[in-house]
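Okay, so here's the structure we're looking at.
Chains as they are written, first to last, in this note's numbering: chain D, 3 to 239; chain Y, 278 to 808.
The following block contains the structure:
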């Protein structure tokens, strides 16, 4: 579903935010992406989402090159940044309809999906509120519903659990599993290692722009906890 | 005092986005930033040049009747009126409801220091606007009058004082408006209407100070009237003039005391009500409980246009700053419908023919000032990631922005031009140009606004005034419109050639085509670079 080959992104000419990064996300994967602050997670996710140019390498979404055919790639995926600044002047339902219109979601599909996801995140009664009046967590929920509304094949999420209440976080994890079962791939960054350990079938650890390990969760961490492995690798690599 | 300095430094660092340009690391961004800064500086110099020309013309007129000192009073009045309008607009955004309110207010600093730093920031911008009128006027006066040595230091000091009072009055009026509209049911609409009413009022008053420039006889009469108007309408402008030209220390002292007193009054008031007003603005009412009904599907372009239109009308500052032009357009149409002769006399045009050839360019100039596109990309702000991550062509994204400006411009032009055609009863060809020229300006400046804004974007703003009023692309667009309308208008008036209108329209459309092609060609790349 997603293939990243030798991705390199430099800021300011000499600071390599991402350095020769390669990884593959298969359909059905819940792929966790972990690393220190400034390690290059957000840069990688933004490059994959097609919103950041990069210096070299190739990113393919469902076989299509993001640099050559960004529109087709974007149709297949949804991206949510770590701090989703939504349109504060729109109401929740206006925003969701806008996203549905852009992705060409039919009326019956959007009705069914908005109802389903908004009910699950307990957002339905508040969809008439201006987004500007919503709390951080509520905005995050609206962003998540908007990402799910067009049934993407690839979900790119930067710290998706930040700001969510425990119930919403639990609901989101349930949706992750359900989406994977239907063949969707999820590639997300997180600092919550316990969540990554329990939820992901694959994991990648990045340090100073370089991938230091990646692969199946069980193989990568062995008998250790993910936290121990992460600290060992990032301290000594 | 230390905290005020720190907070003010933070505010000033955002001035015209200079700090960001200075600290850019990406070489392409750096180049783009430097180009934008260079364009802005060139534009300021060009404005300064026009301001010098205007001051020279005024000075010649006043000197001819021995009233050269009035030049300083009139320019002080004009700059004060301009600053007053800017301050009313800027209050909501700079003083209240700014993006970093929560962070700033969580710091261990006094409320008065926070409020004072915001007022100083407004003053700093206003000082630059004031400088553009007052500095050339002072130089022209000094060259013509050859004043004593003390004129120069005193001029610099008083020039610093002139923006203070209109900034404070504007902030007070803006605050009252903000408070009234914050709780109104349709607060945005009420805010827009109230601001427009205020601006129209100020414009009406400032029209009374206009005077004919070419007829010495008329100047003599109107200059005397003007001198009286300056003193009556705005005594501080008269004090400014008297202190500098008659060496009146009392006038200088009055100006100083009034400026300081107004600052003190505002800060005292803000110290008490700053938090409550900001809280009022921040607390948005909840909508009615949503009940899921059948949602309606629309096309991608329709969704983009609807989003763009909603963004435009969500900002009273954005609307007032641009819709004002369309109100002026309609006012011009009504004036020429009911009092065409009076307008011709006012502009000292004895015959109808030159008026007919000039009006299309005046309409074009007004339309160019109302372009919404020069700020439309910057207005995306931190939400730009949404369109960037969506399967949208840059071309469609830009077209939606252009559509909104044309939705405002085209009906206004059609209405105003029809009123003018009915009022002036021109021939068929002149009537055609009355529509075609402003329409060409609206399309050309709609595209030009986008072309500029994608090259001079400002996405990290904390308040909308930073892009809507102070944005480099907006300033360049507005002042370019002035030049692009003035030159053919002048040629048409002087030569009476029937070729000026068609040549202008063809040139404008050719330029539009070139800019649009360049936008479409480089749009994807430029959109990707924006962040």
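Beta carbons: idealized from backbone N, C-alpha and C, even for Gly. All of these numbers come straight from a predicted model, not from anything done at the bench.
Residue i at chain D interface by Cβ criterion, 7 Å
i                      : result
residue 587 of chain Y : yes
residue 741 of chain Y : no
residue 472 of chain Y : no
residue 584 of chain Y : yes
residue 489 of chain Y : Any reading at residue 489 of chain Y is ruled out, since the residue's pLDDT is 48, under 50, leaving its predicted position unreliable.
residue 369 of chain Y : no
residue 591 of chain Y : yes
residue 738 of chain Y : no
residue 734 of chain Y : no
residue 362 of chain Y : no
Range of the contiguous alpha helix (DSSP H) that encloses residue i
i                      : result
residue 412 of chain Y : 388–422
residue 173 of chain D : 168–183
residue 707 of chain Y : 705–732
residue 672 of chain Y : 671–701
residue 458 of chain Y : 441–459
residue 583 of chain Y : 577–591
residue 432 of chain Y : 428–438
residue 209 of chain D : First-last for residue 209 of chain D: 204–209, but that is the beta strand (DSSP E), not the alpha helix (DSSP H).
residue 45 of chain D  : 43–50
residue 139 of chain D : 138–150
residue 554 of chain Y : 526–559
Residue from the options with nearest C-alpha to residue i
i                      : options                    : result
residue 4 of chain D   : D/160, D/61, D/42          : D/61
residue 37 of chain D  : D/20, D/153, D/79, D/102   : D/20
residue 364 of chain Y : Y/708, Y/784, Y/597        : Y/597
residue 602 of chain Y : Y/578, Y/800, Y/648, Y/375 : Y/648
residue 436 of chain Y : Y/447, Y/349, Y/378, Y/655 : Y/349
residue 703 of chain Y : Y/322, Y/636, Y/385, Y/606 : Y/636
residue 631 of chain Y : Y/323, Y/567, Y/767        : Y/767
C-beta atoms of residue i and residue j nearer than 7 Å
i                      : j                      : result
residue 88 of chain D  : residue 175 of chain D : no
residue 564 of chain Y : residue 93 of chain D  : yes
residue 281 of chain Y : residue 390 of chain Y : yes
residue 198 of chain D : residue 156 of chain D : no
residue 713 of chain Y : residue 610 of chain Y : no
residue 681 of chain Y : residue 589 of chain Y : yes
residue 18 of chain D  : residue 185 of chain D : no
residue 782 of chain Y : residue 769 of chain Y : no
residue 757 of chain Y : residue 733 of chain Y : no
residue 536 of chain Y : residue 438 of chain Y : yes
residue 346 of chain Y : residue 522 of chain Y : yes
6 Å Cβ shell around residue i - same chain, five flanking residues per side excluded
i                      : result
residue 644 of chain Y : 686, 715, 718, 719
residue 404 of chain Y : 440
residue 755 of chain Y : 646
residue 415 of chain Y : 432
Cut-off 7 Å between Cβ atoms - residues of its own chain near residue i, not counting five sequence neighbours on either side
i                      : result
residue 107 of chain D : 151, 152
residue 131 of chain D : 93, 94
residue 78 of chain D  : 63, 64, 154, 155, 156
residue 359 of chain Y : 406
residue 672 of chain Y : 797, 800
Contact set for residue i: own chain, Cβ-Cβ below 8 Å, skip 5 residues either direction
i                      : result
residue 493 of chain Y : Reliability of the predicted coordinates at residue 493 of chain Y is poor, the pLDDT of 48 falling under 50, and no value is obtained from them.
residue 232 of chain D : 36, 195, 207
residue 558 of chain Y : 369, 373, 374, 455, 459
Unbroken beta strand (DSSP E) run spanning residue i, endpoints
i                      : result
residue 214 of chain D : 212–218
residue 11 of chain D  : 4–13
residue 21 of chain D  : 17–27
residue 266 of chain D : A query on residue 266 of chain D cannot be resolved here, the shown segment of chain D reaching from 3 to 239 and no further.
residue 363 of chain Y : Per DSSP, residue 363 of chain Y belongs to no beta strand (DSSP E); it is in the alpha helix (DSSP H), 347–367.
residue 61 of chain D  : 58–63
residue 191 of chain D : 187–191
residue 33 of chain D  : 32–37
residue 81 of chain D  : 79–82
Contact with chain A by residue i, beta-carbon distance below 7 Å
i                      : result
residue 572 of chain Y : Absence of chain A from the displayed structure is noted, the protein chains being D and Y.
Minimum Cβ-Cβ distance from residue i to chain Y less than 7 Å
i                      : result
residue 51 of chain D  : yes
residue 274 of chain D : Outside the shown range of chain D (3 to 239) lies residue 274 of chain D, about which nothing can therefore be said.
residue 91 of chain D  : yes
residue 177 of chain D : no
residue 33 of chain D  : no
residue 111 of chain D : no
residue 129 of chain D : yes
residue 11 of chain D  : no
Heavy atom of the ligand GTP within 6 Å of residue i beta-carbon
i                      : result
residue 435 of chain Y : Ligands in the displayed structure: none, and consequently the ligand GTP is not present.
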